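S.K.: Got a structure for you, questions after.
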Amino acid sequence: MTVPAARLVVMPRYVERFACTASACGSTCCAGWRIDVDRASYDRLRDAMNRSEESRAAIEPRVAPAPEPSPEPHRHALVVLREDGACTFLAGDNLCSLQQRLGEGALPDVCSSYPREVRVVRDRAEITATPSCPEVARQLLLHGDANDLVPAPVERLPRAAPRAAIDAGAPPWLASVHRVRAAMSAILGERRVSLLARLAALGCAAQETRPWFHRGALPEAPGQLERVFARYGAISTLQALERELGDIGDRADLSAGVVMSFLGDIPKSPQSALRPLLIGIAAAYAERDGVTRIDAIYQAYQARRRRWTERHAAEIDGYFTNWALHYVAKEWYVVEHDLVDFAIRLFVRVAVLRFLLLSHPGLDEADGLPDAADRVRALDAAVVDVVQRYSRDVEHDRSAIGTLDARVRARSPSIAHAMFMLNV
Ligand code: SF4
450 MTVPAARLVV
460 MPRYVERFAC
470 TASACGSTCC
480 AGWRIDVDRA
490 SYDRLRDAMN
500 RSEESRAAIE
510 PRVAPAPEPS
520 PEPHRHALVV
530 LREDGACTFL
540 AGDNLCSLQQ
550 RLGEGALPDV
560 CSSYPREVRV
570 VRDRAEITAT
580 PSCPEVARQL
590 LLHGDANDLV
600 PAPVERLPRA
610 APRAAIDAGA
620 PPWLASVHRV
630 RAAMSAILGE
640 RRVSLLARLA
650 ALGCAAQETR
660 PWFHRGALPE
670 APGQLERVFA
680 RYGAISTLQA
690 LERELGDIGD
700 RADLSAGVVM
710 SFLGDIPKSP
720 QSALRPLLIG
730 IAAAYAERDG
740 VTRIDAIYQA
750 YQARRRRWTE
760 RHAAEIDGYF
770 TNWALHYVAK
780 EWYVVEHDLV
790 DFAIRLFVRV
800 AVLRFLLLSH
810 PGLDEADGLP
820 DAADRVRALD
830 AAVVDVVQRY
840 SRDVEHDRSA
850 IGTLDARVRA
860 RSPSIAHAMF
870 MLNV
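Count the sequence shown with the numbering used here and you get residues 450 to 873, in order.
Dropping the structure here:
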């Protein structure tokens, strides 16, 4: 699948602002992952190898055939990794020796495209980027206009094939992707009320559409979906929801179980980015608060969360508003059966990320600082760290994510239950 050059191309501002920090990057994208080489990239490398003995010696031992034949053209070969899990082309200065030797054009598509991705809806190509790259995470999380769309020159399109595409003539569930994302984003972007109220409104709207808007449904009446979302997105409705949410309390028995089971299921690979953070968080609760049992950790977390949200609600809401808008744009609801399933998936992720942020050991010292700007700097650094690690482990491992979501769904089957996640 390729992206024809004549399409309308758009990107959010965080992609427009992104520039790889290269050798200054604290977390290179060239380590800890299997690096697939697609067929066309492999052919380019082979041509380069045939040009000189020196090039052959520099490339051949570093690119191996895929261990099992794959029908997917992007899995034709693999870059050989070092023992520490890093790419064998990674030079001592943290730069790519392949790019230095042969230029950007020689890179496999996956390397030249990362962290950008493209999705195509009819005549429009959308470039996004993954916050598993820390510089993307910074640009996404720390600027209020990060998700505003701007036109993009076609040269910004990544070489890799689109992650998803919806053609003209798709059934209503798929064909509505622009409308549904616009309706959800309008609610999520109404920053005059808390993010929790906006998520609750999104959940209520999803629930109301459930009988007639789902996979396999017939087209709904013109404007029906927009009317439901507009009603829940009205400022008076959002303010009423905000008041009601203040009264539902924190059902720790419901929310803690879901968050802890999600985190407990994170794959235990030695390359995991999230595991060291989880271990650090558990150790900090034990040392600082003297608690090790999940219910006690969750109680200590609630006290910590109250302290931070009383002082920095706007910043914390801002991070997760940006993240949620990005999620709606990029993780299309169409993989679900209906919008309630999508809303539950979103709620759980926001809850997990908020737990990780406000439990982050990097906030311990900042907690007692008198200057708000110093505390915000610590929050900024912690949220970038959390989202980057989470994205690296969870969003990039589609098999793990399927298992995590199935377990969450078993524990949190209804939107009413999932609403309690909003108070994590
Ligand atoms: S992780 Fe991001 S900033 Fe770091 S080297 Fe890769 S693309 Fe560049």
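Every residue gets a Cβ at the ideal spot worked out from N, C-alpha and C, and that includes glycine. Since the structure is predicted, the reported quantities are computational estimates derived from the model, not experimental observations.
Under the assumption that A722 contacts D842 (Cβ atoms under 8 Å), give the Cβ distance between them as a whole number of angstroms.
M.R.: 5 Å between Cβ atoms; contact.
S.K.: Which term fits Q588, buried or exposed, when burial requires 16 or more other beta carbons within 10 angstroms of its beta carbon?
M.R.: buried
S.K.: Would you mind sorting C469 into buried or exposed? The rule is 16 or more other CB atoms within 10 Å of its CB.
M.R.: exposed
S.K.: Among L547, I765, P600, which residue has its Cα nearest to the Cα of R505?
M.R.: L547
S.K.: Check R565 in the structure and name its three-state DSSP category.
M.R.: strand
S.K.: Verify the CB distance criterion: does H866 have a CB-CB separation below 8 Å to chain D?
M.R.: Among the chains of the structure shown, chain D does not appear; only one protein chain is present.
S.K.: Pick out the complete alpha helix (DSSP H) segments inside the region 789-830, 4 residues or longer, and give them in chain order.
M.R.: 813-816
S.K.: In the DSSP assignment, the alpha helix (DSSP H) including M868 goes from what residue to what residue?
M.R.: For M868, the uninterrupted alpha helix (DSSP H) run begins and ends at 864-868, by DSSP.
S.K.: Touch check for the region 624-641 and the region 767-787: three-plus C-beta pairs under 8 Å?
M.R.: yes
S.K.: With C-beta atoms as the reference, is L690 less than 8 Å away from A650?
M.R.: yes
S.K.: Work out the CA separation of E764 and S581 for me, nearest whole Å.
M.R.: Computed Cα separation, rounded: 21 Å.
S.K.: Could you give the uninterrupted runs of the beta strand (DSSP E) lying entirely in the region 488-533, keeping only those of 3 residues or more?
M.R.: If we require 3 residues or more, the beta strand (DSSP E) runs fully inside the region 488-533 come out as 512-514, 526-528.
S.K.: At a cut of 8 Å, does the region 564-571 reach the region 615-635 through at least three beta carbon pairs?
M.R.: yes
S.K.: V873 and R803 look like a contact to me (Cβ under 8 Å); what is the Cβ gap, rounded to whole Å?
M.R.: Confirmed, Cβ separation roughly 6 Å.
S.K.: For the ligand SF4, any of its heavy atoms closer than 7 Å to the Cβ of P564?
M.R.: yes
S.K.: Mark L437 as exposed unless 16 or more other C-beta atoms lie within 10 angstroms of its C-beta, in which case mark it buried.
M.R.: Residue coverage of the chain in this structure runs from 450 to 873, which leaves residue 437 outside it and unanswerable.
S.K.: Mind checking whether the beta-carbon of P557 lies closer than 7 Å to any heavy atom of the ligand SF4?
M.R.: No; taking the cut-off as 7 Å, the Cβ of P557 has no heavy atom of the ligand SF4 nearer than that.
S.K.: Alpha carbons only, please: which of P514, H523, M460, D542 is nearest the one belonging to C474?
M.R.: Among P514, H523, M460, D542, the Cα nearest to that of C474 belongs to D542.
S.K.: For H592 versus Y768, is the C-beta spacing smaller than 8 Å?
M.R.: no
S.K.: Please determine, among C545, A749, V789, Y839, the residue with the shortest C-alpha to C-alpha distance to A480.
M.R.: C545
S.K.: Quick check on the burial criterion: 16 or more other C-beta atoms within 10 angstroms. Buried or exposed for H809?
M.R.: buried
S.K.: Could you say if the region 818-826 and the region 662-670 meet the contact criterion of at least three C-beta pairs nearer than 8 Å?
M.R.: no
S.K.: Across which residues does DSSP place M460 in a beta bridge pair?
M.R.: V599
S.K.: Tell me which same chain residues have a C-beta within less than 6 Å of the C-beta of M460, skipping the five on either side of it?
M.R.: I576, A601
S.K.: Taking 7 Å as the cut-off, does the CB of C653 come closer than this to any heavy atom belonging to the ligand SF4?
M.R.: no
S.K.: Please determine whether the Cβ atom of A471 lies at a distance below 7 Å from any heavy atom of the ligand SF4.
M.R.: yes
S.K.: Check whether the Cβ atoms of M870 and F796 sit closer than 8 Å, and answer yes or no.
M.R.: Yes.
S.K.: Is the number of C-beta pairs between the region 487-504 and the region 546-566 that are closer than 8 Å three or more?
M.R.: yes
S.K.: With E584 and F467 assumed to form a contact (beta carbons below 8 Å), what rounded beta-carbon distance in angstroms separates them?
M.R.: 6 Å
S.K.: By the DSSP assignment, the alpha helix (DSSP H) with A655 in it spans what residues?
M.R.: 644-658
S.K.: Sort A792, A646, D533, R628 by Cα distance to P668 and report the nearest one.
M.R.: R628
S.K.: Count the other C-beta atoms from every protein chain shown that fall within 10 angstroms of the C-beta of Q688, then say buried if there are 16 or more, exposed otherwise.
M.R.: exposed
S.K.: Which residues mark the beginning and the end of the alpha helix (DSSP H) in which A624 is found?
M.R.: A624 -> alpha helix (DSSP H) spans 621-624.
S.K.: Could you give the residue range of the beta strand (DSSP E) that holds T537?
M.R.: No beta strand (DSSP E) contains T537, which DSSP labels as neither H nor E.
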